Amino acid sequence: MASLHLIRSSSFSSDSFTNALTVMKSSDRIILLDDGVYSVNHPILQNALALVGKESLFVIEHHYLARGLVTDDALNFISMAALVALTESANQIITWQ
1 MASLHLIRSS SFSSDSFTNA LTVMKSSDRI ILLDDGVYSV NHPILQNALA
51 LVGKESLFVI EHHYLARGLV TDDALNFISM AALVALTESA NQIITWQ
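79 is the number that UniProt numbering gives to position 79 of the sequence shown; each next residue is one higher, with no gaps.
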């Protein structure tokens, strides 16, 4: 089973996403939430996509829109209910702040 990495801080103000990538496996999943959604505009996103693939990187839609970011069809937006479902299927959940 894969681990689920919750990225809560912006890559523009924190190294948490960079640190997370050092321990991630290609089978893991990533969720950007809270200020972590700002990372969609940071170069680190390409590193994450290269590691886990687009199908395993998710963005909490409500958090993204609440910060006034422009909708991007290239992103996998999910609801809080979908977040709960992903946590139920993960063998380990790691929160990066």
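Yeah, the Cβ is synthetic: ideal placement off N, Cα and C, and Gly gets one too. Model, not experiment: these values are computed from the prediction.
field: Rounded C-alpha distance that separates THR71 from ALA48
entry: 20 Å
- request: Given a cut-off of 8 Å, decide if SER56 and GLY36 are closer than it, judged by their beta-carbon atoms.
  value: no
message: Going by DSSP in three states, VAL59 sits in which element: helix, strand or coil?
response: strand
query: By Cβ distance below 7 Å, which residues in the same chain neighbour SER16 in space, the five residues on each side in sequence not counted?
result: ILE7, SER9, TRP96, GLN97
message: Suppose only complete runs of 4+ residues qualify. What are the alpha helix (DSSP H) ranges in the stretch 23 to 54, listed by chain order?
response: 44 to 52
- prompt: Per DSSP, what kind of secondary structure is residue 116 in: helix, strand or coil?
  reply: Because the chain is modelled from 1 through 97, residue 116 falls outside the range shown and cannot be assessed.
task: Could you tell me if SER11 is buried or exposed, where buried requires 16 or more neighbouring beta carbons within 10 angstroms of its beta carbon?
output: buried
- prompt: Going straight from the alpha carbon of PRO43 to that of ALA74, what length do you get?
  reply: 15 Å
query: So residue 150 packs on ILE31, CB below 8 Å; how close in whole Å?
result: Given a span of 1 to 97 for the chain in the structure shown, any question on residue 150 remains unanswerable.
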